[in-house]
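Student: Residue numbering for the sequence shown follows this note's numbering, starting at 1249 and increasing by one per position.
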Amino acid sequence: EIYKRFIELKNRLQKEGLFDADHKKPMPEKIDRIGVVTSETGAVIHDILNVAGRRNAGQDIVLFPIKVQGIGADVEIAKAINFFSNYDGVDAIIVGRGGGSEEDLQNFNSEIVARAIYNCNKFVVSAVGHEVDTTICDYVADLRAPTPSAAAELLTKDGLERKQKLQMLIKNICDLTKNKIILNETILQNLLKSINSEVQHFISEKTQQLGLLNSRLANANPTKILSMGYAKIEKDNLPVSSKTALATNDDISIIFADGTIQAKVK
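Shown next as structure tokens:
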């Protein structure tokens, strides 16, 4: 009789589209908190806590305690699912209980539970019974896990894996920074070489110009001119540049490279 009711409900809900694959939600990329719908005294919650603690101690588990069998259990299960559906504090839900007989599991074959899962806003994993057990919850849920522990494995990120990814990310950042430093050092060295070359060219050019100026100054030095056989004539300590500046009987000084003589114009 229980199996007959199970098949009838399964066929009816299937026709309504409650099992359709296109209705199932994808698993969230980030799951920080998991809502669990199960008994607070059974082995299920302890198994889930053990798995979560081993794989990722930073992931929170929020329990909505319900009775998993007996009269009214299906109403409690649906109520818990509806609560988590509208509760922003969880990212995914596990609906679970341990193994049992068909009668023990019949509350998870309830229409009210099936519709609560179907209308749930959160990603729902069904983990009811053992791997050989199949319930209506399994068909409606976004994902079916063979056991509650397996459900916890699916929804908890491996802490070691996350640590390795973080270490790899840090290494990549360090490598990028190192490469950037090396690139900047190369650019700086090339810039310094370019500046040094330009400075050397500037100094060489100015040295050459200074040499030319020194040569011109040396050639224009009056002492050098006098040493070449020329003489300088002065009258009253002023240079005489033309004979018209002189008159008869003017006293003049004739300056040679090696000395000065006094003379009179005739």
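In this text, a Cβ means the ideal position worked out from N, Cα and C, and glycines have one as well.
Have a look at N1304 and G1344 and give me their C-alpha separation to the nearest angstrom.
Tutor: On the sequence shown, position 56 is the one that residue 1304 refers to. On the sequence shown, position 96 is the one that residue 1344 refers to. One C-alpha to the other measures close to 20 Å.
Student: Whose C-alpha, out of V1372, D1386, F1371, is nearest the C-alpha of H1378?
Tutor: On the sequence shown, residue 1378 is found 130 positions in, with the first residue counted as 1. Measuring from the Cα of H1378, the nearest candidate turns out to be D1386.
Student: To which residues does DSSP link K1370 through a beta bridge?
Tutor: Here residue 1370 is taken as the residue at index 122 of the sequence shown, counted from 1. DSSP output for K1370 lists no bridge partner at all.
Student: If I follow the unbroken beta strand (DSSP E) through K1512, where does it start and stop?
Tutor: For the purposes of this step, residue 1512 is taken as the residue at position 264 of the sequence shown. Counting along the chain, the beta strand (DSSP E) containing K1512 begins and ends at 1507-1512.
Student: Buried or exposed, going by whether 16 or more other CB atoms sit within 10 Å of the CB of Q1307?
Tutor: Indexing the sequence shown from 1 puts residue 1307 at position 59. Classification for Q1307: buried.
Student: Would you mind reading off the limits of the beta strand (DSSP E) that contains G1344?
Tutor: Here the question's residue 1344 lines up with position 96 in the sequence shown. Taken as a continuous stretch (DSSP letters only), the beta strand (DSSP E) holding G1344 covers 1340-1345.
Student: Name the residue from Q1456, I1451, V1285 whose alpha carbon lies nearest to the alpha carbon of A1326.
Tutor: Your numbering for residue 1326 matches position 78 in the sequence shown. For A1326, the nearest C-alpha among the options comes from V1285.
Student: Along the beta strand (DSSP E) that carries E1277, what are the first and last residues, could you check?
Tutor: By one-based count along the sequence shown, residue 1277 stands at place 29. Counting along the chain, E1277 falls outside any beta strand (DSSP E), and DSSP gives it neither H nor E.
Student: Which runs of the alpha helix (DSSP H) spanning at least 4 residues fall entirely within the region 1279-1343, listed in chain order?
Tutor: Qualifying alpha helix (DSSP H) stretches, in chain order: 1291-1303, 1321-1333.
Student: Excluding the 5 residues flanking D1189 on each side, which residues of the same chain have their C-beta closer than 6 Å to its C-beta?
Tutor: Absent from the model: residue 1189. The displayed extent of the chain is 1249 to 1514, so no value can be given.
Student: By the DSSP assignment, the beta strand (DSSP E) with D1499 in it spans what residues?
Tutor: As a working mapping, residue 1499 is identified with position 251 in the sequence shown. 1499-1504 is the span of the beta strand (DSSP E), which, as asked, contains D1499.
Student: Between K1426 and M1416, what straight-line distance do the alpha-carbon atoms span, to the nearest angstrom?
Tutor: The sequence position of residue 1426 within the sequence shown is 178, counting from 1. The sequence position of residue 1416 within the sequence shown is 168, counting from 1. Taking the straight line joining both Cα atoms gives about 15 Å.
Student: Helix, strand or coil, according to DSSP, for E1264 in the structure here?
Tutor: Counted from its first residue, the sequence shown places residue 1264 at position 16. Three-state DSSP puts E1264 in a helix.
Student: Going by CA-CA distance only, name the one from V1299, T1289, D1270, H1271 that's closest to I1282.
Tutor: Position 34 of the sequence shown holds residue 1282. The shortest Cα separation from I1282 among V1299, T1289, D1270, H1271 belongs to V1299.
Student: Report yes if the C-beta distance between I1314 and A1291 is below 7 Å; otherwise report no.
Tutor: To locate residue 1314, count along the sequence shown from 1; it is residue 66. To locate residue 1291, count along the sequence shown from 1; it is residue 43. Against a cut-off of 7 Å, the Cβ pair of A1291 and I1314 comes out as no contact.
Student: DSSP beta-bridge partners for K1252?
Tutor: For this step, residue 1252 is matched to residue 4 along the sequence shown. Paired residue(s): none; K1252 is not in a bridge.
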